[in-house]
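In the numbering used here, the protein residues as written are 2 to 124. Cβ coordinates follow ideal geometry from the N, Cα and C atoms, glycine included.
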């Protein structure tokens, strides 16, 4: 959003989780984490790839710019480079949210100490 009064905390939103225990599909929690991270990246990449393909085709079709110009683009100022860096930070936060949530669970456990110790032993 461009309206400064309506700033969205994307990093905070990335940490949102549903109520109740997270469903696990594999016996090894490490495998589960890797799968969750991989799926988050895959979903982000699929959406981004489709949008980029649409934009590149439209730009070239309308004679606005070529794919070569897009491939060779360098941000002309620090503000654009900073904006891209902010996006990267938000993206990584979304991808690694499962690890963030598990760290929060350790800090504020709903589980007993024995349940946490059992989970750690499984890793």
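Cα-Cα separation, residue i to residue j
i	j	result
residue 85	residue 26	35 angstroms
residue 52	residue 59	11 angstroms
residue 77	residue 71	13 angstroms
residue 49	residue 98	19 angstroms
residue 2	residue 10	With a pLDDT of 45 at residue 2, under the threshold of 50, the predicted position of this residue should be treated as unreliable, though the coordinate-derived value follows. When rounded, the distance between both Cα atoms is 11 angstroms.
residue 17	residue 64	43 angstroms
residue 115	residue 101	21 angstroms
residue 105	residue 82	31 angstroms
residue 12	residue 66	33 angstroms
residue 87	residue 47	21 angstroms
residue 37	residue 69	35 angstroms
Reduced DSSP secondary structure (H/G/I, E/B, other) of residue i
i	result
residue 30	helix
residue 13	helix
residue 79	helix
Same chain, Cβ closer than 7 angstroms to residue i, neighbours up to 5 away in sequence not counted
i	result
residue 1	No answer is possible for residue 1: the residues shown for the chain start at 2 and end at 124.
Cβ-Cβ distance between residue i and residue j below 8 angstroms
i	j	result
residue 132	residue 30	No answer is possible for residue 132: it lies beyond the span of the chain, which begins at 2 and ends at 124.
Same chain only: Cβ atoms within 6 angstroms of residue i, ignoring 5 sequence neighbours per side
i	result
residue 79	none
If you scan the stretch 27–73 from start to end, which runs of the alpha helix (DSSP H) of 4 or more residues do you find wholly inside it?
The qualifying runs are 30–62 and 68–72.
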